[in-house]
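K.L.:
Take a look at this one; I'll ask things after.
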Amino acid sequence: MKKIIIAIDGFSSTGKSTVAKQLAKELNYIYVDTGAMYRAVTYFALENDLIGEDFFHIEKLIERLDDIKITFKYNKDLGFAEVYLNGRNIEKDIRTLKVSRYVSPIATISEVRQKLVEQQQLMGKDKGIVMDGRDIGTVVFPDAELKIFMTASAETRAKRRYKELLERGHNLSYEEVLENVTTRDRIDSSREDSPLRKADNAIEIDNSDLTIEEQVDSLVKLAKTIV
Ligand code: DC
Numbered sequence: 441m442k443k444i445i446i447a448i449d450g451f452s453s454t455g456k457s458t459v460a461k462q463l464a465k466e467l468n469y470i471y472v473d474t475g476a477m478y479r480a481v482t483y484f485a486l487e488n489d490l491i492g493e494d495f496f497h498i499e500k501l502i503e504r505l506d507d508i509k510i511t512f513k514y515n516k517d518l519g520f521a522e523v524y525l526n527g528r529n530i531e532k533d534i535r536t537l538k539v540s541r542y543v544s545p546i547a548t549i550s551e552v553r554q555k556l557v558e559q560q561q562l563m564g565k566d567k568g569i570v571m572d573g574r575d576i577g578t579v580v581f582p583d584a585e586l587k588i589f590m591t592a593s594a595e596t597r598a599k600r601r602y603k604e605l606l607e608r609g610h611n612l613s614y615e616e617v618l619e620n621v622t623t624r625d626r627i628d629s630s631r632e633d634s635p636l637r638k639a640d641n642a643i644e645i646d647n648s649d650l651t652i653e654e655q656v657d658s659l660v661k662l663a664k665t666i667v
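End of the sequence shown = 667 in our numbering, gap-free, step of one.
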């Protein structure tokens, strides 16, 4: 059967990756979480004191971009590919609120975007891929056969993310999570290079009142109408 590229963009914590992962499984496609790649660069910057509370050494980070090697390795038990930084599994380390706080400023740097977009385009060259992020339908794969733009209210998204972080044992308040979600929305949508926006031909889905299963089912059906 003909394979296609499915681009899923949208605001933070809309549940894009959960839906994208299951959609890829149903279609036997590869799933790529591009947010994990920006988070990996952020993790590197934090570890190397290139960004912090009151400093951001942009030029130094740009100089060190060649030292950053991001790879994905499929974990059979988890059923998805985990992200590695220079050979080290950092899948769990990048899901903290600390990384979430610094990732949007890091994602504004054009040199970072250029490096990651190039790698993403290579991953999709044989199609059969579901990729989620902020600029997949607009910049990475403007010719993707199926483009989805996911939305939900900031409160709905913050509640979901808060629950998820609590379940993983993080100690924080709902207000902190809501603040992070709204700040990231603002930075991601207003940055100069590849701002988050709905591609003209993307299908918008507000999933505030939809279950994961409902979303996956309708996307599988949609994908099958295209191939
Ligand atoms: O999907 P996520 O929340 O893990 O993404 C983390 C951040 O990375 C997000 O706030 C903006 C940035 N990002 C981006 O700029 N472009 C992408 N394609 C994916 C993520």
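All residues carry an ideal CB built from backbone N, CA and C; glycine is no exception.
Note that the structure is predicted; figures quoted are calculated from it, not measured.
Relative to the ligand DC, is the shortest distance from any of its heavy atoms to the C-beta of Ala547 smaller than 7 Å?
P.N.:
The answer is yes for Ala547.
K.L.:
Residue range of the beta strand (DSSP E) that Ile502 falls in?
P.N.:
Counting along the chain, Ile502 falls outside any beta strand (DSSP E), though it belongs to the alpha helix (DSSP H) covering Ile498 to Glu503.
K.L.:
Identify every run of the alpha helix (DSSP H) within the stretch 470–530, keeping only runs that are complete inside it and at least 4 residues long; order them along the chain.
P.N.:
As far as the stretch 470–530 is concerned, its whole alpha helix (DSSP H) runs of at least 4 residues are 474–487 and 498–503.
K.L.:
Under the rule that 16 or more other beta-carbon atoms within 10 Å means buried, what is Asn468, buried or exposed?
P.N.:
Exposed, because fewer than 16 other Cβ atoms sit within 10 Å of the Cβ of Asn468.
K.L.:
Buried or exposed for Ser593, please, with buried defined as at least 16 other CB atoms from any protein chain shown within 10 angstroms of its CB.
P.N.:
Classification of Ser593: exposed, given that the 10 Å Cβ count is below 16.
K.L.:
Quick test of your reading: Gln561 and Thr474, contact by CB under 8 Å. State the CB separation rounded to the nearest angstrom.
P.N.:
Their Cβ separation, rounded to whole angstroms, is 11 Å, which puts Gln561 and Thr474 out of contact at 8 Å.
K.L.:
Under a Cβ-count criterion, where at least 16 other Cβ atoms within 10 Å of its own Cβ denotes burial, should Thr578 be classed as buried or exposed?
P.N.:
By the 10 Å Cβ count, Thr578 comes out buried.
K.L.:
Reducing DSSP to helix, strand and coil, say where Gly396 ends up.
P.N.:
Residue 396 lies beyond the stretch modelled for the chain, which goes from 441 to 667, so this question has no answer here.
K.L.:
Taking the beta strand (DSSP E) that Leu678 belongs to, which residues open and close that run?
P.N.:
For the chain, the structure presents residues 441 to 667; residue 678 sits outside this window and is missing.
K.L.:
Which stretch, first to last residue, makes up the alpha helix (DSSP H) that contains Glu654?
P.N.:
Ile652 to Ile666 is the extent of the alpha helix (DSSP H) around Glu654.
K.L.:
For the ligand DC, is there any heavy atom lying closer than 7 Å to the beta carbon of Val459?
P.N.:
No, the beta carbon of Val459 sits no closer than 7 Å to any heavy atom of the ligand DC.
K.L.:
Nearest CA to the CA of Tyr542: which residue from Gly609, Ile530 and Asp628?
P.N.:
It is Asp628.
K.L.:
Quick check: what's the CA-CA separation for Thr665 versus Phe451?
P.N.:
Between Thr665 and Phe451, the C-alpha separation is close to 26 Å.
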